[in-house]
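Participant: Numbering (the working numbering), first residue to last: 5 to 331. No residue lacks a Cβ here, since even glycine has one placed at the ideal position from N, Cα and C. What you are looking at is a predicted structure, and each value in this text was computed from that prediction instead of being measured.
1) Within the same chain, show all residues whose beta-carbon is closer than 7 Å to that of residue 319, passing over the 5 residues directly before and after it, in chain order.
2) Is it right to say residue 113 is buried, meaning 16 or more other beta carbons lie within 10 angstroms of its own, or is it exposed?
3) Going by Cα to Cα distance, which pick from 138, 276 and 199 is closest to residue 94?
4) Taking 8 Å as the cut-off, decide whether the C-beta atoms of residue 77 and residue 193 are in contact.
5) What do you reckon, are the CB atoms on residue 107 and residue 294 nearer than 8 Å?
6) Going by C-alpha distance, which of 266, 167 and 134 is nearest residue 329?
7) Tell me the rounded alpha-carbon separation between residue 258 and residue 48.
8) Let me know the beta strand (DSSP E) ranges lying completely inside the region 242 to 316, each 3 residues or longer, listed in chain order.
9) From 317, 173 and 130, pick the residue whose C-alpha is nearest to that of residue 237; which is it?
10) Using a Cβ-Cβ cut-off of 6 Å (strictly less than) and excluding sequence neighbours within five positions of residue 225, which residues of its own chain qualify?
11) Count the other CB atoms, across all protein chains shown, that sit within 10 Å of the CB of residue 313; report buried if there are 16 or more and exposed otherwise.
12) What residue range does the beta strand (DSSP E) around residue 170 cover?
13) Would you kindly report the start and end of the unbroken beta strand (DSSP E) that includes residue 211?
14) Is residue 159 closer than 8 Å to residue 210 when the C-beta atoms are compared?
15) So, helix, strand or coil for residue 97, using DSSP?
16) On a CA-only basis, which of 177, 34 and 52 is nearest residue 244? Give me that one, please.
17) Would residue 70 be called buried (16 or more neighbouring beta carbons within 10 Å of its own) or exposed?
18) Assuming residue 279 and residue 122 make a contact with CB atoms under 8 Å, what is their CB distance in whole Å?
19) So, helix, strand or coil for residue 40, using DSSP?
20) Return the Cβ separation of residue 198 and residue 161 in integer angstroms, given the expectation that the two are a contact with Cβ distance under 8 Å.
21) Under three-state DSSP, which class holds residue 161?
22) With 16 as the cutoff for other CB atoms within 10 Å, does residue 30 come out buried or exposed?
23) With DSSP as the reference, please indicate the residues paired to residue 185 in a beta bridge.
24) According to DSSP, which residues form a beta bridge with residue 134?
25) Using a threshold of 8 Å, state whether the C-beta atoms of residue 204 and residue 187 are closer than that.
26) Between 90, 55, 43 and 115, which has its C-alpha nearest residue 317's C-alpha?
27) Could you give the first and the last residue of the continuous beta strand (DSSP E) run that contains residue 71?
28) Going by CA-CA distance only, name the one from 181, 327 and 206 that's closest to residue 152.
29) I'd like to check one pair, residue 62 with residue 281: are the Cβ atoms closer than 8 Å?
30) For residue 233, I'd like the list of residues in its chain whose CB is within less than 7 Å of its CB, leaving aside the five on either flank, ordered along the chain.
31) Name the DSSP beta bridge partners of residue 124, please?
32) Check whether the Cβ atoms of residue 55 and residue 288 lie closer than 8 Å to each other.
33) Give me the Cα-Cα distance between residue 179 and residue 262, rounded to the nearest whole angstrom.
34) Is the beta carbon of residue 267 less than 8 Å from the beta carbon of residue 90?
35) What span of residues does the alpha helix (DSSP H) with residue 145 cover, start to end?
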């Protein structure tokens, strides 16, 4: 009996080892969906389409970009969580969808800890931009204009309630005491279109994707950035945090790839290598940097887990600072 038990245990161990090996070899075995939580044309879509070809080539499998906008990015992340946790459905997201949206949107059931960070691509500051028809040349001018007409609050756009751009706008209004009205959008592209068209007054926008070029082309007017120092592409715009009373107006946002927390470690490792290989393409790095992003260093899944945990704490702290309430 003991011999039979030992034999069965040995067979079970061998089977587990064999299945583990087969699992590692079988990924990916079908098309990979890179889910972007906003419509085409925004910074997230820009990142996804830059890394997609090389990541797909590294994995030896087709990869499609799936734009799923709405509800502050939560529809897209729910799609990832509802798919099998096998690495074939991944999200390109940021702390806005992962950390802030669950705190800001009623009915969101997931939390940031339901995901693993596979790769972090870049980080960037935001810029305070206004419509070109607004007769202001500085942040002081903007605040003075807002206070001059308290019955007509300045309208500022964001990609949704609880998004980082919403929080920055709220923080700015809180500090400056400038009357402001929040206007949520489903993504950067429609927001930018309305800002260029003069339908809204201002917005805090990520210095990524098409936005730097839009500023250079004079389609919107930049006033200041939320980084510690002036942006390397736009040194003419001061850092908000360097202005008296605005010391807490220092914000940045990063983009990266996430998967369901139950995704096997070997699959996470494969995705990690593939996406960082894509980021190593000189043309991709050049495109990221030209659009105002700081490309982040290559990190292992273990290092990313530590980073992700610290970022969750940081962004939850930002939300508490303005008493963000779910809607």
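Facilitator: On the basis of the supplied data:
1) Sequence index remark: in the chain shown, residue 319 carries index 315 (1-based). Counting only Cβ-Cβ distances below 7 Å, and skipping sequence neighbours, we find 99, 103 and 104.
2) What you label residue 113 is simply residue 109 of the chain shown in a count that begins at 1. Counting of Cβ neighbours within 10 angstroms places residue 113 among the exposed residues, the total staying below 16.
3) Reading the chain shown from its first residue, position 90 is the one you call residue 94. Ranking 138, 276 and 199 by Cα distance to residue 94 puts 276 first.
4) Within the chain shown, residue 77 is the residue found at index 73, counting from 1. Within the chain shown, residue 193 is the residue found at index 189, counting from 1. No, Cβ-Cβ distance for residue 77 and residue 193 is not below 8 Å.
5) Working through the chain shown from its first residue, we reach residue 107 at position 103. Working through the chain shown from its first residue, we reach residue 294 at position 290. No, the pair does not count as a contact, with Cβ atoms beyond the cut-off.
6) Here residue 329 corresponds to residue number 325 of the chain shown, with the count starting at 1. Checking every option, the nearest Cα to that of residue 329 belongs to 167.
7) Here residue 258 corresponds to residue number 254 of the chain shown, with the count starting at 1. Here residue 48 corresponds to residue number 44 of the chain shown, with the count starting at 1. Rounded to whole angstroms, residue 258 to residue 48 spans 10 Å at the Cα level.
8) Correct list: 256 to 264.
9) For this step, residue 237 is matched to residue 233 along the chain shown. If we check each option's Cα against that of residue 237, 130 comes out closest.
10) Stepping through the chain shown from its first residue, residue 225 is reached at position 221. Within the same chain, residue 225 has close Cβ partners 134 and 136.
11) Position 309 of the chain shown, counted from the first residue, corresponds to residue 313. The residue in question, residue 313, is exposed, as its Cβ has fewer than 16 Cβ neighbours within 10 Å.
12) By one-based count along the chain shown, residue 170 stands at place 166. Residue 170 -> not in any beta strand (DSSP E); alpha helix (DSSP H) instead, spanning 168 to 180.
13) Reading the chain shown from its first residue, position 207 is the one you call residue 211. Element bounds for residue 211: n/a, residue is neither H nor E.
14) Position 206 of the chain shown holds residue 210. Position 155 of the chain shown holds residue 159. The Cβ atoms of residue 210 and residue 159 do not sit closer than 8 Å to each other.
15) What you label residue 97 is simply residue 93 of the chain shown in a count that begins at 1. Note: residue 97 maps to strand in three-state DSSP.
16) Numbered from 1 along the chain shown, position 240 holds the residue referred to as residue 244. Nearest Cα to residue 244 within the set 177, 34 and 52: 177.
17) Here residue 70 refers to the residue found at position 66 when the chain shown is read from its first residue. Result: buried.
18) Counting from one through the chain shown, the residue named residue 279 turns up at place 275. Counting from one through the chain shown, the residue named residue 122 turns up at place 118. Indeed, because the Cβ distance is near 6 Å, the residues count as touching under 8 Å.
19) One-based indexing of the chain shown puts residue 40 at position 36. Reduced to three states, the DSSP call for residue 40 is strand.
20) By 1-based counting over the chain shown, the position of residue 198 is 194. By 1-based counting over the chain shown, the position of residue 161 is 157. Indeed, because the Cβ distance is near 7 Å, the residues count as touching under 8 Å.
21) Working through the chain shown from its first residue, we reach residue 161 at position 157. Looking at residue 161 - three-state DSSP - the assignment turns out to be strand.
22) Position 26 of the chain shown holds residue 30. Exposed is the call here.
23) Residue 185 sits at position 181 when you count from the first residue of the chain shown. According to DSSP, which records beta bridges pairwise, residue 185 is partnered with 159.
24) As a working mapping, residue 134 is identified with position 130 in the chain shown. In the DSSP output, where bridge partners are listed per residue, residue 134 has 206 and 225.
25) On the chain shown, residue 204 is found 200 positions in, with the first residue counted as 1. On the chain shown, residue 187 is found 183 positions in, with the first residue counted as 1. In this structure, residue 187 lies closer than 8 Å to residue 204 by Cβ.
26) As a working note, residue 317 is residue 313 in the chain shown. Selected option, being the one with the closest Cα: 115.
27) What you label residue 71 is simply residue 67 of the chain shown in a count that begins at 1. Where residue 71 is concerned, the enclosing beta strand (DSSP E) starts and stops at 67 to 71.
28) For the purposes of this step, residue 152 is identified with residue 148 of the chain shown, where counting begins at 1. For residue 152, the nearest C-alpha among the options comes from 181.
29) Taking the first residue of the chain shown as position 1, residue 281 is located at position 277. Taking the first residue of the chain shown as position 1, residue 62 is located at position 58. Yes; because the gap between Cβ atoms is below 8 Å, this pair is in contact.
30) By 1-based counting over the chain shown, the position of residue 233 is 229. Taking residue 233 as the centre and dropping the five residues before and after it, the same chain places the C-beta of 243 closer than 7 Å to its C-beta, in chain order.
31) By one-based count along the chain shown, residue 124 stands at place 120. DSSP output for residue 124 lists 260 as bridge partner(s).
32) As a position in the chain shown, residue 55 is number 51, starting the count at 1. As a position in the chain shown, residue 288 is number 284, starting the count at 1. At a Cβ-Cβ threshold of 8 Å, residue 55 and residue 288 count as neighbours.
33) Numbered from its first residue, the chain shown carries residue 179 at position 175. Numbered from its first residue, the chain shown carries residue 262 at position 258. Distance between the alpha carbons of residue 179 and residue 262: 34 Å.
34) The residue you call residue 267 lines up with position 263 of the chain shown. The residue you call residue 90 lines up with position 86 of the chain shown. Closer than 8 Å, so yes.
35) The residue you call residue 145 lines up with position 141 of the chain shown. It spans 143 to 152 - the alpha helix (DSSP H) in which residue 145 sits, taken as one unbroken run.
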